[in-house]
Each structure stands twice: as structure tokens, then as C-alpha cells.
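Just add 323 to wherever you are in the sequence shown, counting from 1, and you've got my numbering.
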Amino acid sequence: MIDPRWLRQFMAVAHTGNITRAAEQLHLAQPAVTMTIKKLEQQLGLVLFERHQGRLHLTAEGKRLSEHSARILAALTLAEQDMNALHNLEAGEITIGIPSMLGSFYFPPLLMAFKHRYGGLSIRVEEAGTQIVLDHLLSGRLGLGIVLTSDLPAGLCGLPLLREEMVAVVARDHPRAGQPRIRLQDFLNEELAVFRHGFYHREYIDDMARKLGIQPRIGFESNLIPLLKAVVRQGFAVASFLRMVVENDADLVPISFETPYFLDLCLAWPKDRRLSRAEQAFIDFIQQHPRDALQENN
């Protein structure tokens, strides 16, 4: 049987590419981590790392183990959170996967209102695209997450949360700034500032471009909303955001697509996993107070 502590050390080395740095992160002695990796390789009968240009890189076998390790360690973390929260709601932690735009513009007041009610709980937010959050929920690496209602598979439960329009966004002095609507074809023919793959906005743009036979001109690619907004503000490109993201930006103009497009988002969790009391409290809070919480904190 593999000791979970070995997997934590293995993952630290995989992330840093260096045993000394991994040992420092874990507050362990470097020889102890070196010995753990050797024991792990001996037990499995596999070579997990190879050295290239002074850095340790995962072998093909090491990559397979890292995938399993991520799921195992995530499951252990969730189990610990569940056990800590079983006693009462003044201890424990909940982890929520939230897309960047919601994490920056919709969720902060909601999370603060929940924290105000349950001050003893710790809240950990993992920011990622909806596609990544969905994968992590299905693989057991997350207990709660925000995903598209339309993508909700049979293995997840979902609580409807938000409906928001996806719009094109241009600079105030852009030639299209005065238009009430924009055709998707015209949008795709502009130079674009887009999210990286794993974010629904990017997948949607790529999918529509393929259907329309258009090769989109990707001028900028980033998951940093302030950077994408700055690029648009300076007139270097146009982008697509949820309308809420630019409502208070005087220098940015949202334009509805010719056929308005709305995203329906929900709070999701795995059906086959028992919820901790803390997670159930969060679901109940969202169900009962989403709009009130927002208004109280604005």
C-alpha cells in the first residue's frame, strides 16, 4: 500500500521539479524526500522522474501516477473537511470551484455574507473555467462548484444560481461602440482577446468559429480579467464577457450579440458523495438568500 505522505512528497517534487524546493515547501529534510521518491519507485518498480537541464521531469509513468495522486489527495482532503465539519458548523472547511468572472464580480458579497453567518468555517476558492470545475467535480477533486446548467451530467446535482448575458465588449471609441447589436460573424472577424482553453467563453468562440468557417484572429490570450479588459480598453482587441463584468467600466461598452446569448449557471455537487454539514449549509444559504446577500453587501 502506498503511503499518502509519499504521494504528497511525490506531487511536490513534480510541481517544483526540484527535490530541495519540494522539501522546503513541505518543511522536510531534503534526504527524507529523496528517500521517499526512491522507495516509491522501488515499490512500484517504475522510474517516475528523469533529469533534463537540471530539472526533474515526470516520465510517462510518473504522469500517470500524478493523475491518480491528484485524485487521491483531493479525496483525502475532502474526507478531512467532512470529518471536521460533522461535529458542528463552527469548524471545518468548504472548497468551491468558481469561474473567474463569477469569482471576481458575483461571489465575493455572497461568500462574505455566508462567512458572516458561519464565522468558524474556512472557505477555500479554486478559480478555474467551468469546464475544469466540471472535470474536478466528476473526478472527486471538488465537493462544490459552479458549472453551466446545460452541461450538468447525470452524476451531479445542481441548484440554479444565475442567468447572465454573454456580450461582446469594445472600447468606448471603437467604431462598433454605438451599435445596439453585433453579428457573431463580425465579432469573430475582429482581433480578439480571449480566455485560454477550459473556459466556456473560449470553447464557445472556437465552436462558433468552426461552424461559421471563420479562423478567429486571437491577438491576446489570458485568464486574467484585468489584463483582457486593459487590452480592450486600449483598442488592441475586442473580447466577450458576462455583462456584469463591464457594467461599471465607463471605458468599455457591452454589445449584445444579434442573437442574444445567455449562460445559465448552477451550484453543483456529486450525487454519490455525502455532503458535509458545512457544504449543506452553504447550499441552503445559496438557495434561501442569494439576492438578499448581494443587496446587503453592495
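Cβ atoms here follow ideal geometry from the backbone N, Cα and C, with glycine treated the same way.
Here the structure is a predicted model, which means the values were calculated and not measured.
Excluding its 5 nearest sequence neighbours in each direction, A352 has C-beta neighbours in its own chain below 7 Å: A346, listed in chain order. Following the DSSP letters along the chain, one finds T418 inside the beta strand (DSSP E) bounded by residues E416 to I421.
The alpha-carbon separation between A591 and L485 amounts to approximately 13 Å. Annotation for Y523: no beta strand (DSSP E) segment contains it, though the alpha helix (DSSP H) segment containing it runs Y523 to L535. Between Q508 and I537, the C-beta spacing is below 8 Å.
For the pair of segments examined, the segment 469 to 485 was found to touch the segment 584 to 600: the number of CB pairs separated by less than 8 Å reaches three. By the neighbour-count criterion, in which 16 or more other beta carbons inside 10 Å mark a residue as buried, E602 falls on the buried side. In chain order, A494 place their CB closer than 6 Å to the CB of G558, counting only its own chain and leaving out the 5 sequence neighbours on each side.
Taking a cut-off of 8 Å for Cβ pairs, the segment 536 to 551 and the segment 388 to 399 do not touch, as fewer than three such pairs fall below it.
Here the alpha carbons of L369 and P549 stand approximately 44 Å from one another.
Taking the Cα of G466 as reference, the smallest distance to any Cα among S473, L457 and F585 is reached at L457. Between the C-alpha atoms of R374 and H380 there is a straight-line separation of about 6 Å. F510 sits in a helix when the DSSP states are folded into three classes. Here M324 carries a coil assignment [DSSP, helix/strand/coil].
In this structure, I446 keeps its C-beta atom at 8 Å or more from the C-beta atom of L433.
Here L349 has R331, Q332, A335 and V356 as same chain residues with Cβ atoms under 8 Å from its own Cβ, once five neighbours each way along the sequence are excluded.
Where D607 is concerned, there is no enclosing beta strand (DSSP E), although the alpha helix (DSSP H) around it starts and stops at R600 to Q611. The shortest C-alpha to C-alpha distance from K361 to any of T339, H338, V554 and G385 is the one to G385. The straight-line gap separating the alpha-carbon atoms of K534 and E526 is approximately 12 Å. Counting the other Cβ atoms within 10 Å of the Cβ of E544 gives fewer than 16, which makes it exposed.
Short of 7 Å from the beta carbon of I505, and not among the five residues preceding or following it, lie these beta carbons of its own chain, in chain order: A491, R499, I578, F580 and E581. In the DSSP assignment, F518 falls outside any alpha helix (DSSP H) and carries neither an H nor an E.
In the DSSP assignment, V493 falls within the unbroken beta strand (DSSP E) covering L479 to A494. Per DSSP, the continuous alpha helix (DSSP H) segment holding F437 begins and ends at F430 to R440. Look at P539 here: in three-state DSSP terms it is coil, with no helix or strand label. Judged by beta-carbon spacing, V569 lies beyond the 8 Å limit of V561, meaning their Cβ atoms are not closer than that value. L425 and R519 have their C-alpha atoms some 16 Å from each other.
Here A516 is near L551, since their CB atoms are less than 8 Å apart. Excluding its 5 nearest sequence neighbours in each direction, G521 has C-beta neighbours in its own chain below 6 Å: G452, Q454 and I455, listed in chain order.
Residue range I342 to L349 is occupied by the alpha helix (DSSP H) that includes E347. The closest CA to that of K594, considering only L475, I419, T382 and Q376, is found on L475.
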